[in-house]
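The block underneath contains the structure these notes are about, expressed in structure tokens.
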Amino acid sequence: MPVIRLDCRDLEELTGLDRDQIIDKIPMIGADIERIEEDHIDVEFFPNRPDLFSVEGVARAMRAFLGLEPGLKAYQVGESGVVLQVEPSVKPIRPFIACAVVRDLDFTIPSFIEALMGLQEHIHWVLGRDRKQVSIGIHDISKVKPPFRYLGESPDFAFVPLDFDREISMEEILRVHPKGIRFAGILSGMDRFPLIIDANGDVLSFPPIINGELTRVTEETRDLFIDVTGTGEAVNYALNIIVTALVERGGFIESVRIIDLEGEKSMITPDLTPARMALPISEASRLIGLDLGVEDCINSLERMGFGIEGVDGGILSVLIPPYRADILHQYDLVEDVAIGYGYDRITPEMPDTPGIGRIHPLETLKSIIRDAMIGLGYFEVMTFTLTSPRMQFEWMGWEESGSHITLMHPISEEQTILRRNILPNLLEILMLNRHRELPQRIFEVGDVVVDEKNELHLAAVSIHAFADFSEVRSLVDAVISEIWSDSPVKIAPSDNEAFIPGRRADILMQDDIVGFFGEIHPDVIRAFELEHPIVGFEINASRMGEVSV
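Counting from 160, one number per residue, gives the positions in the sequence shown under this note's numbering.
Structure follows, in structure tokens:
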């Protein structure tokens with residue numbers, strides 16, 4: 160979880176509290192204090208609260224929680240007159256962008272620039288998945304001339320990147336600049352790179368890699384232009400978190416008009432309109448275990464920075480701050496009611512019916528599988544259950560099934576469905592580690608969702624120059640012999656499109672397919688931007704019968 164360094168003097172000025180009060184009260188908003196030093200405090204927050212990843216966000220939350228400034232904070236957004244044009248050439252590369260201008264900032268305040276850059280990097284990690292889904296550029300707008308253009312440019316295009324004193328091409332940046340080396344994989348396989356330039360052709364940003372040296376933020380900077388690019392709607396949440404934090408420093412937010420030249424449509428960002436969500440008071444009372452009244456719920460939510468639009472029939476209409484990217488369901492509101500009410504005011508109760516704890520049989524099975532796979536020389540990985548149809552079906556050569564579960568409100572294009580198979584996730588891990596030495600042998604035992612039911616699957620892949628069918632057949636035989644030797648398993652020819660014809664097989668139990676294995680098809684290997692032979696298997700462990708260990 161992110162550990163945030165908070166400057167004590169800074170936090171005292173922003174909250175109006177002294178150091179001892181801050182140390183005493185900060186755990187109440189969900190922080191774990193990691194370290195206390197004379198001039199700073201290191202605190203840890205859950206990743207679901209990126210709005211608390213800065214001293215400004217923490218100060219805002221504490222003022223509301225302690226009743227100094229409860230309720231929803233209103234944000235005024237002026238018009239900057241700045242226009243950014245999105246050209247069709249960038250759409251296949253990094254299609255989403257949101258921007259803002261923030262004026263009247265004082266960067267001579269000690270540690271302000273450092274704190275802003277820290278917030279930027281924490282958002283890159285949590286919301287941005289290490290810049291793959293969201294990346295932020297922060298610029299001194301006085302150094303450039305609007306309107307701006309967001310386009311896909313040739314890798315040969317050259318400019319002076321941040322911390323350099325000479326022009327180099329974007330392709331060279333990926334090879335020699337520290338940030339380029341670290342994040343080059345995000346743009347792997349692209350024949351054009353995203354770029355933001357001004358009316359004179361000067362470079363603001365090469366997202367998600369590096370800004371231009373021209374727009375470096377210094378103590379003399381007063382006005383900022385902020386761009387957030389990415390692969391989904393999370394760019395708007397990231398922008399809202401940044402600009403609302405800057406308001407705590409006295410900044411004034413101005414909007415940017417973004418014109419999509421391909422669709423001939425435009426939008427205004429940032430959008431700081433609070434979202435609305437209904438919360439039945441009875442549901443909050445039931446889940447928390449208290450008999451809460453209307454005022455209890457209202458006061459608790461206002462201490463957490465929410466607004467209350469009204470109450471109708473025991474149902475609150477709650478206004479959600481624009482920086483709260485984590486509020487997805489009314490259960491999230493219930494959690495904040497409990498925090499705002501105060502966990503210290505909730506009396507613990509012993510259950511009426513005593514029980515004896517024991518390991519769940521499913522966890523025992525997972526442990527047996529892990530021991531077997533590690534003994535066979537494979538390393539365990541854990542990947543996300545959320546994925547995309549492109550990776551789960553298209554890249555694998557599988558026909559898209561209509562029975563998969565789709566999210567109604569996904570944050571990212573890369574996480575829109577629940578996975579039906581683990582094998583694509585393992586191939587993605589190989590893709591992300593293609594610069595590392597071979598061989599690589601990894602496995603995962605985890606949940607998939609098929610026909611609205613959870614199943615436990617085991618999958619493994621091996622990549623190296625000599626990977627072949629004999630290797631994976633021996634591996635499957637060893638796994639079944641080690642874990643399910645009493646199960647009536649048969650091996651039969653397969654027509655699974657993810658594998659090479661003639662070098663693929665299905666695993667059958669009573670004529671039902673419970674697994675498959677083989678040599679991964681070259682088309683699949685290319686789709687995942689890999690180059691070496693790969694073998695793999697996947698078994699539905701839920702249907703393999705009793706373990707023989």
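All C-beta atoms, glycine included, are put in the ideal place defined by N, C-alpha and C.
Cβ pair residue i, residue j closer than 8 Å
{"i": "residue 358", "j": "residue 304", "result": "yes"}
{"i": "residue 488", "j": "residue 384", "result": "no"}
{"i": "residue 447", "j": "residue 497", "result": "yes"}
{"i": "residue 674", "j": "residue 666", "result": "yes"}
{"i": "residue 440", "j": "residue 453", "result": "yes"}
{"i": "residue 462", "j": "residue 223", "result": "yes"}
{"i": "residue 261", "j": "residue 410", "result": "yes"}
{"i": "residue 212", "j": "residue 189", "result": "no"}
{"i": "residue 701", "j": "residue 614", "result": "yes"}
{"i": "residue 259", "j": "residue 412", "result": "yes"}
{"i": "residue 658", "j": "residue 680", "result": "yes"}
{"i": "residue 693", "j": "residue 626", "result": "yes"}
{"i": "residue 492", "j": "residue 470", "result": "no"}
{"i": "residue 510", "j": "residue 546", "result": "no"}
{"i": "residue 243", "j": "residue 307", "result": "yes"}
{"i": "residue 209", "j": "residue 282", "result": "yes"}
{"i": "residue 668", "j": "residue 646", "result": "yes"}
{"i": "residue 696", "j": "residue 634", "result": "yes"}
{"i": "residue 686", "j": "residue 554", "result": "yes"}
{"i": "residue 573", "j": "residue 628", "result": "no"}
{"i": "residue 323", "j": "residue 290", "result": "no"}
Chain-order list of residues whose beta-carbon lies under 7 Å from that of residue i (same chain, five-residue window excluded)
{"i": "residue 338", "result": "368, 369"}
{"i": "residue 165", "result": "199, 200, 202, 214, 217"}
{"i": "residue 388", "result": "253, 255, 256, 294, 353, 366, 367, 394"}
{"i": "residue 310", "result": "246, 248, 249, 354"}
{"i": "residue 407", "result": "173, 215, 218, 219"}
{"i": "residue 328", "result": "314, 315, 316, 317"}
{"i": "residue 434", "result": "479"}
Secondary structure of residue i, DSSP reduced to three states
{"i": "residue 247", "result": "helix"}
{"i": "residue 660", "result": "strand"}
{"i": "residue 235", "result": "coil"}
{"i": "residue 504", "result": "helix"}
{"i": "residue 281", "result": "helix"}
{"i": "residue 703", "result": "coil"}
{"i": "residue 541", "result": "coil"}
{"i": "residue 592", "result": "coil"}
{"i": "residue 478", "result": "strand"}
{"i": "residue 684", "result": "helix"}
{"i": "residue 458", "result": "helix"}
{"i": "residue 190", "result": "coil"}
{"i": "residue 534", "result": "helix"}
{"i": "residue 265", "result": "coil"}
{"i": "residue 629", "result": "helix"}
{"i": "residue 584", "result": "helix"}
{"i": "residue 441", "result": "helix"}
{"i": "residue 257", "result": "strand"}
{"i": "residue 206", "result": "coil"}
Cβ-based neighbour list, residue i, same chain, cut-off 6 Å, excluding 5 preceding and 5 following
{"i": "residue 319", "result": "326, 372"}
{"i": "residue 332", "result": "320, 339"}
{"i": "residue 495", "result": "463"}
{"i": "residue 348", "result": "688"}
{"i": "residue 286", "result": "209, 293, 393, 397"}
Cβ neighbours of residue i in the same chain (closer than 8 Å, five flanking residues each side left out)
{"i": "residue 532", "result": "539, 602, 604, 617, 619, 638"}
{"i": "residue 699", "result": "614, 615, 616, 673, 674"}
{"i": "residue 427", "result": "414, 415, 416, 417"}
{"i": "residue 182", "result": "192, 195, 200"}
{"i": "residue 529", "result": "539, 604"}
{"i": "residue 420", "result": "244, 245, 246, 247"}
{"i": "residue 277", "result": "163, 164, 212, 213"}
{"i": "residue 380", "result": "264, 266, 299, 301"}
Opposing strand residues paired with residue i [DSSP bridges]
{"i": "residue 211", "result": "Note: residue 211 sits in no beta bridge, so no partner."}
{"i": "residue 402", "result": "Answer is none; residue 402 lacks a bridge partner."}
{"i": "residue 370", "result": "364"}
{"i": "residue 603", "result": "618"}
{"i": "residue 395", "result": "According to DSSP, residue 395 bridges with nothing at all."}
{"i": "residue 677", "result": "663, 695"}
{"i": "residue 639", "result": "Beta-bridge pairing links residue 639 to no other residue."}
{"i": "residue 291", "result": "Note: residue 291 sits in no beta bridge, so no partner."}
{"i": "residue 668", "result": "648, 671"}
Min CB distance residue i to chain D below 8 Å
{"i": "residue 189", "result": "No chain D is part of this structure, which consists of one protein chain only."}
Next item on the list: Say whether the segment 605 to 617 touches the segment 567 to 586, bearing in mind that this needs 3 or more beta-carbon pairs closer than 8 Å, one atom from each stretch.
Entry: Yes, since at least three Cβ pairs between the segment 605 to 617 and the segment 567 to 586 fall closer than 8 Å, the two stretches touch.
Next item on the list: Flag this pair as touching only if the segment 540 to 554 and the segment 510 to 529 have three or more C-beta atom pairs under 8 Å; answer yes or no.
Entry: Verdict: no, contact absent.
Next item on the list: Evaluate contact between the segment 399 to 417 and the segment 226 to 241, counting only Cβ atoms and requiring at least three cross-stretch pairs below 8 Å.
Entry: Contact holds: three or more Cβ-Cβ distances are below 8 Å.
Item checked: At least 3 beta-carbon pairs within less than 8 Å: the segment 580 to 595 vs the segment 658 to 665 -> By the C-beta criterion, the segment 580 to 595 is judged not to be in contact with the segment 658 to 665, since fewer than 3 inter-stretch pairs fall below 8 Å.
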